[in-house]
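Here the first sequence is numbered in the working numbering, starting from 12 and rising by one per residue. All C-beta atoms in this analysis are idealised placements derived from N, C-alpha and C, irrespective of residue type, glycine included. Encoded as structure tokens, the structure appears first; notes follow it.
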Amino acid sequence: MDPILDGLNEKQREAVLAADGSVLVLAGAGSGKTRVITHRFAYLIREKNLKMENILAVTFTNKAAGEMKERIARLTGESTSRAWVRTFHATGLMIIRRNPETIGYPHNFVIYDADDSKDIAGSIMHDLKINTTVYKTGPIMHAIFRAKDNMITPGEYEKDAATEIEKVTASVYREYENRLRENFALDFNDLLLMPIRIFRDNPRLLEYYQDLWRYMMIDEFQDTNIAQFQFMKLVVSRDRHICVVGDDDQSIYGWRGANIENIYKFKRDYSPAVVPLEQNYRSTQLILDAANNVVNKIPGRMEKRLWTSRSGGEKIGLIETMRETDEARVIAETVRELSAKYKNSEIAIFYRTNSQSRVLEEAMLRANIPYRIFGGQKFYERKEIKDVVAYIRLIINPFDRQAFERIVNIPARGVGNVGRQKMIAYAKESGISYVESLMKSGEVSGIQRESVRKLNDLGQVLFELNQSLEQITPTNFVKILIDSIEYKKYIREFDETGPDRWENVEELVNSVKEFEESGDTSEKKTIVDFINSITLHADIDDLKEEEERETVSLMTIHNAKGLEFPVVFISGVNDGLIPHSNSRHSPEQMEEERRLFYVAVTRAKDKLYMSFSGSRLVYGDLIPTKPSVFLLDIPSELYDEIRTHSTYEPQRRTPGKGVGKFTNPPAAPKEEPAYTYEGKVGGAEKGSSVSGMDELKPGDRVRHPNLGAGTVKSVSAKLMQIEFDNWGLRAMGGNFLSSLRKIEAK
DNA sequence: CGACCAGGAAACGGC
DNA sequence: TTCCTGGTCG
12 MDPILDGLNE KQREAVLAAD GSVLVLAGAG SGKTRVITHR FAYLIREKNL KMENILAVTF
72 TNKAAGEMKE RIARLTGEST SRAWVRTFHA TGLMIIRRNP ETIGYPHNFV IYDADDSKDI
132 AGSIMHDLKI NTTVYKTGPI MHAIFRAKDN MITPGEYEKD AATEIEKVTA SVYREYENRL
192 RENFALDFND LLLMPIRIFR DNPRLLEYYQ DLWRYMMIDE FQDTNIAQFQ FMKLVVSRDR
252 HICVVGDDDQ SIYGWRGANI ENIYKFKRDY SPAVVPLEQN YRSTQLILDA ANNVVNKIPG
312 RMEKRLWTSR SGGEKIGLIE TMRETDEARV IAETVRELSA KYKNSEIAIF YRTNSQSRVL
372 EEAMLRANIP YRIFGGQKFY ERKEIKDVVA YIRLIINPFD RQAFERIVNI PARGVGNVGR
432 QKMIAYAKES GISYVESLMK SGEVSGIQRE SVRKLNDLGQ VLFELNQSLE QITPTNFVKI
492 LIDSIEYKKY IREFDETGPD RWENVEELVN SVKEFEESGD TSEKKTIVDF INSITLHADI
552 DDLKEEEERE TVSLMTIHNA KGLEFPVVFI SGVNDGLIPH SNSRHSPEQM EEERRLFYVA
612 VTRAKDKLYM SFSGSRLVYG DLIPTKPSVF LLDIPSELYD EIRTHSTYEP QRRTPGKGVG
672 KFTNPPAAPK EEPAYTYEGK VGGAEKGSSV SGMDELKPGD RVRHPNLGAG TVKSVSAKLM
732 QIEFDNWGLR AMGGNFLSSL RKIEAK
């Protein structure tokens, strides 16, 4: 009896036994890759006589890391507290924290999240007098992040900048890097870039880590970026004991700088032993068939064919409605019906964009179904939380300009934009920290006497808290801070949301306490540790295996990566959402959309529902929409009876708001389907009418009054795909039939 | 300075 | 629909 090797299938065992050298595990969805990684980890410990810290295992989320550690502990019977099982970012942070002097940073550096970075960009653009109505901080930061993902320096970026926007971005990028350094701050990318620099500049340190990490494993390799590849390359350059696990079909983070090429490049450059895992332990065969049909349209992918011993399976439930509100309600009703068979926690509802969650949320509320939303407005992005966190940051690092700017007038101390800039200039000229500048605000011209008093007091408070950073427990630290700045009074009276906001602050204090008492309590934790932990925190990390409250999970498809649920609803399976309209003009992005849909489908274990709506509210306008083209790639026999719900009593609306109006009113249902098409191609309507889908087969020529002539490409029970001569491929539902005519072939 | 309002832009996904 | 910015006024 060998707990490490028994119970693995042949391929899984092969991956585990391939201990030395380079290994590429092509792990299809649900093929037990976590199992492979954890068992391989345990196997290496045992067979290679390694200690926990001798293997570096990189995961995609903190949640995955936690689960793996737990399973490794169970397998080996040893504590994993010293094991390096972490995300790339957390690994990088660890290296920097141990050696901050090598990059000229003090030990109390801070980490900025994407929001902070955007704030800095705004501040820089103000300083550089860049017109912020023409150039937006969002796209500029996006470009800078992509540059950093690809390890392009400001200098290189500037050199290649051709267009005006690129030149502007180059100047912001340069200043952005300066600003980070001035603030002793690092952004997410730096958590990878700095370790790379540290390793390159300090061969001894690299050697130290190569001695430490004799073996390396990387999960979700298809979603790594160039910097991460570089990091790996350095770490394994000596012994080349590297095992990467990935699935090119599940690469969905190209927009975040992930480079699907990495997995192909690894195969080329490292000549690894390739182990494909194709047996799926999650879904029914029917769900896999649907998934395979979606993804096998992508050219150049590594050919895989998922299979399972769970033959058959329930068909895919299709839900079609006229309105999003109906769609959400039918989903809620279906969830209710399912409660006889499934717990709420076994059910998930996915959507493409966060904005779709609101309607779903309202439907769940109305149906009295407990739910939990992941993502969206995140806890740590709330104003009240960011305020308190900014205070803590400024105390930790009194040179943090971003934090100072945020809190100097919260609560109001009579310092506006002008006074704020003066204080920053004063601090910079005198070479003192912002906390010191508070205490000397009397010397800054133009600050009101009353303000000076308040700022002096504030400086005193922050200074004293800084002195006691290491002494006070994190919980007491936060409590004292909130007390001394009278934040409760301020936030409760902020506006009508004040009381809720105060509750969030209390929640923050609770999570500090939880942090303090979690994990290894023998190690003394400080508030600095807490701040670092929340910066790398992902919403999905909070999803517990046994959520005490029995809640349905609502999340984006991106958030669903790596998860599984017995019942999955994919909502908003509409053209423009999935595939998203912003991807329409890029073949690469369209492929990523397809993979995203594939990821959604493969999350389901037993039962899958897909829903789409004939119209959607976009910025308050009711817009007619078509079903997603992806639906047509799934053979019709895999779909269950379609559930159409189009006539419902009008929703009660808040007075004065009115009911949404079609901006392009659809014609009467008889002539026009719920899905209307732009375009006006005339043409006589000759030919024979079509009354049922079964009258059409691929190759048939048809004519539509608006779209003209076209060729039928595929027909399923509910949907058909027609290639129009002038308008290209279109997907349409059954209610199109009445307007179609069968015509003679050309 | 800061409260308030109007007008315009916007939200694809997130460590 | 919601969010943000820029302008005005007390």
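One thing to note: ILE274 has its Cβ no nearer than 9 Å to the Cβ of SER282.
Sequence-distant partners of LYS433 (beyond 5 residues in either direction) whose C-beta falls short of 8 Å from its own C-beta, in its chain, are VAL455, SER456, GLY457 and ILE458. Straight-line spacing of the CA atoms in LEU329 and SER320 works out to 25 Å. Burial state of HIS100 is buried, judged by a 10 Å Cβ sphere holding 16 or more other Cβ atoms.
Following the DSSP letters along the chain, one finds SER564 inside the beta strand (DSSP E) bounded by residues 563-567. For GLY324, no pairing in a beta bridge is given by DSSP.
If you draw a 10 Å sphere on the C-beta of TYR630, you find fewer than 16 other C-beta atoms in it, and that means exposed.
Cα atoms of ASP13 and ASP553: separation of roughly 33 Å, rounded to the nearest angstrom. Note that the C-beta distance between ALA611 and VAL578 is not below 9 Å. Taking a contact to require three or more Cβ pairs closer than 8 Å, the region 106-123 and the region 190-201 qualify as touching. Residues of the same chain with a CB within less than 8 Å of the CB of GLU188, apart from the 5 flanking positions on each side, are PRO165 in chain order. DSSP places THR180 in the uninterrupted alpha helix (DSSP H) bounded by 175-193. With respect to PHE488, ILE538 sits close: the two C-beta atoms are nearer than 9 Å.
Straight-line measurement puts the Cα of ILE155 at about 15 Å from the Cα of LEU203. Annotated three-state conformation of LYS637 is coil, per DSSP.
Counting every other CB atom within 10 Å of its CB across the protein chains shown gives GLY442 a total below 16, marking it as exposed.
According to the DSSP assignment, ILE122 belongs to the beta strand (DSSP E) that extends over 121-123.
With fewer than three CB-CB distances shorter than 8 Å, the region 126-146 does not count as touching the region 221-229.
Apart from sequence neighbours up to five positions away, the residues of its chain that approach PHE415 with a beta-carbon distance below 6 Å are LEU405 and TYR445, ordered along the chain. Look at the region 319-371 and you find these whole runs of beta strand (DSSP E), each 3 residues long or longer: 327-332 and 358-362.
Across the structure, VAL36 and THR70 are spaced so that their CA atoms are roughly 14 Å apart. Counting every other CB atom within 10 Å of its CB across the protein chains shown gives GLU58 a total below 16, marking it as exposed. For TRP95, the enclosing beta strand (DSSP E) stretches over residues 95-98. Under the 10 Å beta carbon count, VAL145 is surrounded by fewer than 16 other beta carbons and is classified as exposed. Non-local beta-carbon contacts of ASN570 in its own chain, meaning distances under 8 Å to residues more than five positions away in sequence, involve PHE385, GLY386, ASP550 and ILE551 in chain order. Taken in chain order, the complete alpha helix (DSSP H) segments of 4 residues or longer contained in the region 23-110 are 44-58, 73-87 and 99-109.
In the structure shown, the three-state DSSP call for TYR281 is helix.
In the structure shown, LEU643 adopts helical secondary structure according to DSSP, grouped into three states.
PHE641 and LYS753 have their C-alpha atoms some 25 Å from each other. In the three-state DSSP reduction, GLU231 falls in the coil class, being neither helix nor strand.
The beta carbon of ALA284 sits closer than 8 Å to those of ALA29, GLY32, SER33, VAL34 and LEU35, all from its chain and outside the five residues before and after it, given in chain order. The residue from LEU588, GLN23 and THR613 with its alpha-carbon nearest to that of HIS50 is GLN23. The secondary-structure analysis by DSSP pairs PRO287 across a beta bridge with LEU37. Note: VAL255 is bridge-paired with LEU35 and ILE229 in the DSSP secondary-structure output.
Assignment of GLU755 by DSSP, reduced to helix, strand and coil, places it in the coil class.
For ALA154, the enclosing alpha helix (DSSP H) stretches over residues 148-160.
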